[in-house]
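Q:
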Amino acid sequence: MNKLIKIDSNVTVQQALDFVEGPDCGGVVVFSGNVRNVTKEKKVTRLFFECYEPMALLEMEKIADYTIEEMGVKRIAILHIVGEKQPGEVVVVIAVAAPHRAAAFDACEYAIDTLKETVPIWKKEYFEDGEVWVAAHP
Amino acid sequence: MNKLIKIDSNVTVQQALDFVEGPDCGGVVVFSGNVRNVTKEKKVTRLFFECYEPMALLEMEKIADYTIEEMGVKRIAILHIVGEKQPGEVVVVIAVAAPHRAAAFDACEYAIDTLKETVPIWKKEYFEDGEVWVAAHP
Amino acid sequence: MRILLFGIAKDIAGAPVITAEGITSVAALRSWLYTKYPSLEQLRSLMIAVNKVYANDEDVLQPGDEVAVIPPVSGG
Amino acid sequence: MRILLFGIAKDIAGAPVITAEGITSVAALRSWLYTKYPSLEQLRSLMIAVNKVYANDEDVLQPGDEVAVIPPVSGG
């Protein structure tokens, strides 16, 4: 298997690394996305992530397939959480192994950029005085 | 402290991640370089890394400083091993945290590219029928 | 036809699943949604997925389709 | 003056440290090295570091300087 696609209540960098590493690839690039504690100068107290899981998994597969078929990637792991999180906790991990490191950097950045545009996952931020679905309104 | 520079007999992705992660940065990009098991179609049996340690540490500091002062990086860890290694083992780890992920990708790639050009570390590859200092000859 | 809703669209509709009858295209579904829940028009975008794939307005809807309302995503 | 050698340069010289006298510039050191160890000229590059900083050929050498011969690096 050359791709690991997963939506779970917890994800770690290590499980992504363990999947993609191998002596056939000189370099691994990992993106780890964490919850920030401040949005537009307001303190975030907690977060909630909801997803349309079967479609989210398909969209994540599409991203993985593109990096393997078109970007020179050997193995890729795309992991995303759902449920409640605290600021600082890991939300998403993408790990990419490729024989050439420039390809690994490009593919990892492509994967996180595309995930944020196409994968049906929604984040709600809770503040001391309210809550908001992120990016919902112009 | 916003930079962790280290040369040791073993380095891990986790120690780099632990240093750079924080709720003030939404994204962390990590490069992990492993020993490949094949070079130019020849099987590599083991490797040996030698370094001019005080100068290597200074050159690694320069790279870290540049990413912090010029590339929007908040924290960076640059870790490199010395001594004997097997194919598949981790040789170098660079982790970068920045408020904006594009900056983290750029800085991490800059750091590994520059490390490979300027940091006085030398790799000797052992094959079944001999050994060679990598990249020494044209 | 059952329609799944997520995120803010679910909050606006007040339910994770709603039902509509006699709708045969994505464009018709979109009009029906905007009439029933005008707040949906204030969102930054609103996509419709049919059988777990993003659909275009001209796409036809079949009775057995899995239809979902996708407000602006914010994963990662 | 003590001169540190690393990697293949150390193998060519057969020692991690060598001694030279009366050398007052990086250019002069380079000539002296190439005369004494002609194989050094076959390397892809050869840098000289003075006090742990890459030096240029025109840089002057002082008796107390820490001088190092840097063959092509291959870390990472």
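Protein chains in written order, with the working numbering: chain L, 4 to 141; chain X, 4 to 141; chain C, 25 to 100; chain E, 25 to 100.
Just so it is clear, CB atoms sit at the ideal spot from N, CA and C, and this is done for glycine as well.
Predicted, not measured: the structure shown is a model, and the values here were computed from it.
1) Quick check on this structure: which residue in ASN5/L, THR121/L, SER12/L, LYS127/L has the alpha carbon closest to the alpha carbon of SER69/C?
2) Have a look at the DSSP bridge pairing and note the partners of MET71/C.
3) Only counting the same chain, and skipping five residues up and downstream in sequence, which positions put a Cβ closer than 8 Å to that of MET25/E?
4) What is the DSSP secondary structure of ARG49/X, reduced to helix, strand or coil?
5) Which residue comes first and which comes last in the alpha helix (DSSP H) that contains PHE108/L?
6) Among the candidates ASP27/X, VAL31/X, HIS140/X, GLU87/X, whose CA atom is the shortest distance from the CA of ALA80/X?
7) Just tell me which of ASP109/X, LYS127/X, LYS6/X, GLU131/X has its CA closest to the CA of LEU61/X.
8) I'd like to check one pair, ASN40/X with LYS46/X: are the Cβ atoms closer than 8 Å?
9) Where does GLU87/L land, buried or exposed, given buried means 16+ other C-beta within 10 angstroms?
10) Establish whether the CB of LEU28/E and some CB of chain X are separated by less than 8 Å.
11) In or out: GLY99/C buried (at least 16 other Cβ within 10 Å) or exposed?
12) State the Cα-Cα distance for the pair ILE124/L and LEU29/E, rounded to the nearest angstrom.
13) Would you mind sorting ASP21/L into buried or exposed? The rule is 16 or more other CB atoms within 10 Å of its CB.
14) Going along the chain, which residues of the region 86-99 of chain X sit with their C-beta nearer than 8 Å to a C-beta in chain E?
15) Throw me the rounded Cβ distance for the PHE51/L and LYS127/L pair, which I believe falls under 8 Å.
16) Counting only C-beta atoms, is ALA6/L closer than 8 Å to chain C at any point?
17) Just to confirm before moving on: does the CB-CB distance between CYS111/X and VAL85/X stay below 8 Å?
18) Any Cβ of chain X within less than 8 Å of the Cβ of GLN86/E?
19) Enumerate in chain order the residues of its own chain whose CB-to-CB distance from ALA107/L is below 6 Å, with the five nearest sequence positions on each side excluded.
20) Would you kindly work out how many angstroms separate the C-alpha atoms of GLY91/L and THR70/X, rounded to a whole number?
21) In chain order, what residues of the same chain have a beta carbon less than 8 Å from the beta carbon of ASN75/C, not counting five sequence neighbours either side?
22) Answer with buried or exposed for HIS103/X, where buried requires no fewer than 16 other C-beta atoms within 10 angstroms of its C-beta.
23) Quick one, are the C-beta atoms of ALA59/X and PRO96/E less than 8 Å apart?
24) By how many angstroms is the C-alpha of ILE66/L removed from the C-alpha of LEU53/C?
25) Who are the Cβ neighbours of VAL95/L in its own chain at under 6 Å, not counting the five residues just before and after it?
26) Excluding sequence positions up to five away, which residues of its chain have a Cβ less than 6 Å from the Cβ of TYR129/X?
27) Residues of the region 25-38 of chain L with a CB closer than 8 Å to any CB of chain X: list them in chain order, please.
28) Assign TYR129/X to one of three DSSP states: helix, strand, or coil.
29) Please determine, among ASP132/L, ALA105/L, VAL93/L, the residue with the shortest C-alpha to C-alpha distance to ILE10/L.
30) Measure the CB-CB distance between ALA37/E and GLU82/E and report whether it falls below 8 Å.
31) Flag ARG54/E as yes if its beta-carbon sits less than 8 Å from any beta-carbon of chain X, otherwise no.
32) Does LEU29/E come out as helix, strand or coil in the three-state DSSP assignment?
33) In whole angstroms, what separates the C-alpha of ASP68/X from that of CYS28/X?
34) Under a three-way DSSP split, which group does SER35/X fall into?
35) Report the rounded CA-to-CA distance for ILE27/C versus ASN13/X, giving the unit in angstroms.
36) Report yes if the C-beta distance between VAL16/L and VAL76/X is below 8 Å; otherwise report no.
A: Short version:
1) On the third sequence, position 45 is the one that residue 69/C refers to. Nearest C-alpha to SER69/C: THR121/L.
2) Here the question's residue 71/C lines up with position 47 in the third sequence. Looking at the DSSP assignment, MET71/C forms a beta bridge with ILE94/C.
3) Residue 25/E sits at position 1 when you count from the first residue of the fourth sequence. Closer than 8 Å at Cβ, skipping near neighbours: THR43, ALA44, GLU45, ILE47, LEU85, PRO87, ASP89, VAL91.
4) The residue you call residue 49/X lines up with position 46 of the second sequence. Here ARG49/X sits in strand by DSSP.
5) Translated into positions along the first sequence, residue 108/L becomes position 105. That run of the alpha helix (DSSP H) goes 104-121.
6) Locating residue 80/X in the second sequence gives position 77, counting from the first residue. Nearest C-alpha to ALA80/X: VAL31/X.
7) As a working mapping, residue 61/X is identified with position 58 in the second sequence. The candidate whose alpha carbon is nearest that of LEU61/X is LYS6/X.
8) Translated into positions along the second sequence, residue 46/X becomes position 43. Translated into positions along the second sequence, residue 40/X becomes position 37. In this structure, ASN40/X lies closer than 8 Å to LYS46/X by Cβ.
9) Here residue 87/L refers to the residue found at position 84 when the first sequence is read from its first residue. Result: exposed.
10) As a first step, residue 28/E is located in the fourth sequence; it is residue number 4 there, counting from the start. Answer yes: the Cβ-Cβ gap between LEU28/E and chain X drops below 8 Å somewhere.
11) In the third sequence, counting from the first residue as 1, residue 99/C sits at position 75. The residue in question, GLY99/C, is buried, as its Cβ has 16 or more Cβ neighbours within 10 Å.
12) Along the first sequence, read from residue 1 onward, the residue named residue 124/L stands at position 121. Along the fourth sequence, read from residue 1 onward, the residue named residue 29/E stands at position 5. Taking the straight line from one Cα to the other gives about 56 Å.
13) On the first sequence, position 18 is the one that residue 21/L refers to. Exposed: under 16 other Cβ atoms inside 10 Å.
14) VAL94, VAL95
15) Counted from its first residue, the first sequence places residue 51/L at position 48. Counted from its first residue, the first sequence places residue 127/L at position 124. Right, their Cβ atoms sit about 4 Å apart.
16) As a position in the first sequence, residue 6/L is number 3, starting the count at 1. This sequence places Lys at residue 6/L; Ala is not what is there. With 8 Å as the cut-off, LYS6/L does not count as an interface residue toward chain C.
17) The residue you call residue 111/X lines up with position 108 of the second sequence. The residue you call residue 85/X lines up with position 82 of the second sequence. In terms of Cβ geometry, CYS111/X and VAL85/X do not form a close pair [threshold 8 Å].
18) The count along the fourth sequence starts at 1 and reaches residue 86/E at position 62. Chain X contact via Cβ: absent.
19) Here residue 107/L corresponds to residue number 104 of the first sequence, with the count starting at 1. Answer for ALA107/L: GLY30, VAL32, VAL99, ALA101, listed in chain order.
20) In the first sequence, counting from the first residue as 1, residue 91/L sits at position 88. In the second sequence, counting from the first residue as 1, residue 70/X sits at position 67. The C-alpha of THR70/X is placed about 23 Å away from the C-alpha of GLY91/L.
21) One-based indexing of the third sequence puts residue 75/C at position 51. The residues are ASP89, GLU90.
22) Against the second sequence, residue 103/X aligns to sequence position 100. It counts as exposed.
23) Your numbering for residue 59/X matches position 56 in the second sequence. Your numbering for residue 96/E matches position 72 in the fourth sequence. Their beta carbons are not under 8 Å apart, which means ALA59/X does not touch PRO96/E by this criterion.
24) Start at 1 with the first residue of the third sequence, and residue 53/C comes out as number 29. Start at 1 with the first residue of the first sequence, and residue 66/L comes out as number 63. Each residue's alpha carbon lies about 28 Å from the other.
25) Position 92 of the first sequence, counted from the first residue, corresponds to residue 95/L. Counting only residues of its own chain and dropping the five nearest sequence neighbours on each side, VAL95/L has a CB closer than 6 Å to the CB of GLY36, HIS83.
26) Position 126 of the second sequence, counted from the first residue, corresponds to residue 129/X. Here the set comprises THR48, ARG49.
27) Those would be GLY25, PRO26, ASP27, CYS28, GLY29, GLY30, VAL31, VAL32, VAL33, PHE34, SER35, GLY36, ASN37, VAL38, in chain order.
28) Residue 129/X sits at position 126 when you count from the first residue of the second sequence. If DSSP states are grouped into helix, strand and coil, TYR129/X belongs with the strands.
29) Sequence index remark: in the first sequence, residue 10/L carries index 7 (1-based). It is VAL93/L whose Cα lies nearest to the Cα of ILE10/L.
30) Along the fourth sequence, one-based indexing puts residue 37/E at 13. Along the fourth sequence, one-based indexing puts residue 82/E at 58. No, they are not a contact pair.
31) Position 30 of the fourth sequence, counted from the start, is the residue given in the question as residue 54/E. So, not an interface residue.
32) Numbered from 1 along the fourth sequence, position 5 holds the residue referred to as residue 29/E. In this structure, LEU29/E counts as strand in the three-state DSSP scheme.
33) Residue mapping note: residue 68/X aligns to position 65 of the second sequence, counting from 1. Residue mapping note: residue 28/X aligns to position 25 of the second sequence, counting from 1. Our two residues, ASP68/X and CYS28/X, have alpha carbons roughly 18 Å apart in a direct line.
34) By one-based count along the second sequence, residue 35/X stands at place 32. Strand.
35) Along the third sequence, one-based indexing puts residue 27/C at 3. Along the second sequence, one-based indexing puts residue 13/X at 10. For ILE27/C and ASN13/X, the distance between alpha carbons rounds to 54 Å.
36) Here residue 16/L is taken as the residue at index 13 of the first sequence, counted from 1. Here residue 76/X is taken as the residue at index 73 of the second sequence, counted from 1. No, they are not a contact pair.
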